[in-house]
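**Q**
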Amino acid sequence: MKFEIKEQKSNPLLKRDEVEVIVDHAGSSTPSRMEIMDAASKELKVNKDLVLVDKIFSIKGKGTSKVKFLVYKKKEDVPKEKLEGIEKRLEKVRKKAKAAATEEKPAEAGEEAKPEEKREAPKEEAKPPKTEEKPAEEKGE
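Residue 87 in our numbering sits at position 87 of the sequence shown, and the numbers go up by one each step.
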């Protein structure tokens, strides 16, 4: 995953930086918010708790996405409603990850999966070959 910073604005009133980035993720699906937060914190060299992904726009037909995220100066500067919204989104992701992990465990534990029944294609009855009938010659007058 490659980051290309397109625009970076400082908003002193809200005590944050607003960053717009183009993320190149060719060959894979759109990265999750958690993946983007991790990569953005490494790229900008800030604490992961201070980075909030605001929006992710996937660009159709390409392996790129346009991402807008907010970088705060201090943990206290992050608005509570934004923090609560992000926590709800991350909780959904965590639940999905747990559900996927529990589905994979029985197969790993040695339980045999039911073999899939193979169905044979129905046999076609042999049809007699078609004979071409020649039209009767027309009598000319």
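Just so you know, even glycine gets a beta-carbon here, dropped at the ideal spot from N, CA and C.
These numbers come from a predicted model, not from an experiment.
Please tell me whether residue 18 and residue 52 are closer than 8 Å, where the distance is taken between their beta carbons.
**A** Result no, Cβ atoms of residue 18 and residue 52 do not sit closer than 8 Å.
**Q** Taking DSSP as the reference, what is the three-state secondary structure of residue 56?
**A** In this structure, residue 56 counts as strand in the three-state DSSP scheme.
**Q** Decide if residue 97 is buried, meaning its Cβ has at least 16 other Cβ atoms within 10 Å, or exposed.
**A** Residue 97 should be labelled exposed.
**Q** For residue 74, which option in 85, 58, 40, 48 has the closest C-alpha, if you only look at C-alpha atoms?
**A** Among 85, 58, 40, 48, the Cα nearest to that of residue 74 is on 48.
**Q** Relative to the C-alpha of residue 28, which candidate in 54, 39, 65 has its C-alpha closest?
**A** Checking every option, the nearest Cα to that of residue 28 belongs to 65.
**Q** Does DSSP put residue 64 in a helix, a strand or coil?
**A** Three-state DSSP puts residue 64 in a strand.
**Q** Spatial neighbours of residue 30 within its chain, please: C-beta separation below 8 Å, excluding the five flanking residues on both sides.
**A** Result list for residue 30: 56, 58, 65, in chain order.
**Q** Using CA coordinates, which residue listed in 72, 92, 84 is at the minimum distance from residue 12?
**A** For residue 12, the nearest C-alpha among the options comes from 72.
**Q** Between residue 1 and residue 37, what straight-line distance do the alpha-carbon atoms span, to the nearest angstrom?
**A** In a straight line, the C-alpha of residue 1 is about 12 Å away from that of residue 37.
**Q** Using the C-alpha atoms, what's the distance from residue 88 back to residue 62?
**A** Each residue's alpha carbon lies about 29 Å from the other.
**Q** Compare the beta carbon distance of residue 6 and residue 77 with 8 Å and say whether it is the shorter of the two.
**A** No. Outside cutoff.
**Q** Kindly indicate the opening and closing residues of the alpha helix (DSSP H) around residue 42.
**A** Element bounds for residue 42: 33-44.
**Q** Taking the straight line between their C-alpha atoms, what separation do you get for residue 20 and residue 10?
**A** One C-alpha to the other measures close to 12 Å.
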